[in-house]
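Undergrad: Position 128 of the sequence shown, counted from 1, bears residue number 186 in our numbering, the numbering being contiguous throughout.
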Amino acid sequence: MELVVNQKHYRLQVDPDRMLLWVLRDELELTGSKYGCGEGQCGACTVLIDGAPVRSCITRASTVAGKQITTIEGIAQNGRLHPVQEAFIQADAMQCGYCTPGMIVSGVGLLRKTPHPSEAEIRRAMEGNVCRCGTYPRIVAAVQLAEKLMNGGQHA
Numbered sequence: 059m060e061l062v063v064n065q066k067h068y069r070l071q072v073d074p075d076r077m078l079l080w081v082l083r084d085e086l087e088l089t090g091s092k093y094g095c096g097e098g099q100c101g102a103c104t105v106l107i108d109g110a111p112v113r114s115c116i117t118r119a120s121t122v123a124g125k126q127i128t129t130i131e132g133i134a135q136n137g138r139l140h141p142v143q144e145a146f147i148q149a150d151a152m153q154c155g156y157c158t159p160g161m162i163v164s165g166v167g168l169l170r171k172t173p174h175p176s177e178a179e180i181r182r183a184m185e186g187n188v189c190r191c192g193t194y195p196r197i198v199a200a201v202q203l204a205e206k207l208m209n210g211g212q213h214a
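(1) Measuring CB atoms only, is the region 107-121 touching the region 65-78, in the sense that at least three cross pairs come out at less than 8 Å?
(2) Thinking P141 and M208 are a contact (beta carbons under 8 Å), I'd like their distance in whole angstroms, please.
(3) Just grab the DSSP bridge partners of Y194 for me.
(4) Contact criterion: CB-CB distance below 7 Å. Does A199 meet it with respect to chain D?
(5) Excluding sequence positions up to five away, which residues of its chain have a Cβ less than 7 Å from the Cβ of E85?
(6) Have a look at L203 and A145 and give me their C-alpha separation to the nearest angstrom.
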């Protein structure tokens, strides 16, 4: 099958029923997406498929062949952090960091779909991502800051 990951084309021979998370981690050595629950409930494995957040631990690789897959490794561009990554640093939105890749990818997906989200929309979009350290207020603040960074500081 052919996968397009972080704008690179890969031709792989893998079991079509293999979960995307394991293809990314084991075959492509993209280890930023984490294994958390294996049931699509914690969000640690979140990637973007054609711009939408998807849980890679419950997504069969064959179902995303030919689609645009973006992992945390593909978020930064041209050596520059994505505004969501920068905002997570500025807002100190990480504690242990295990959930951070999934949180950032979900934040990027939200801001692509909804450029000016309300706090309620941010909370709703991030609901599927579990932070065992409880840094949710800082995560929401980071997404709000990213929105400002992406839009020139013109919206709150």
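Yeah, the Cβ is synthetic: ideal placement off N, Cα and C, and Gly gets one too. Since we're looking at a predicted model, the values are computed, not measured.
TA: In short, the structure shows the following:
(1) yes
(2) 5 Å
(3) None; Y194 has no bridge partner.
(4) You won't find chain D in this structure, because it holds only one protein chain.
(5) L70, V72
(6) 6 Å
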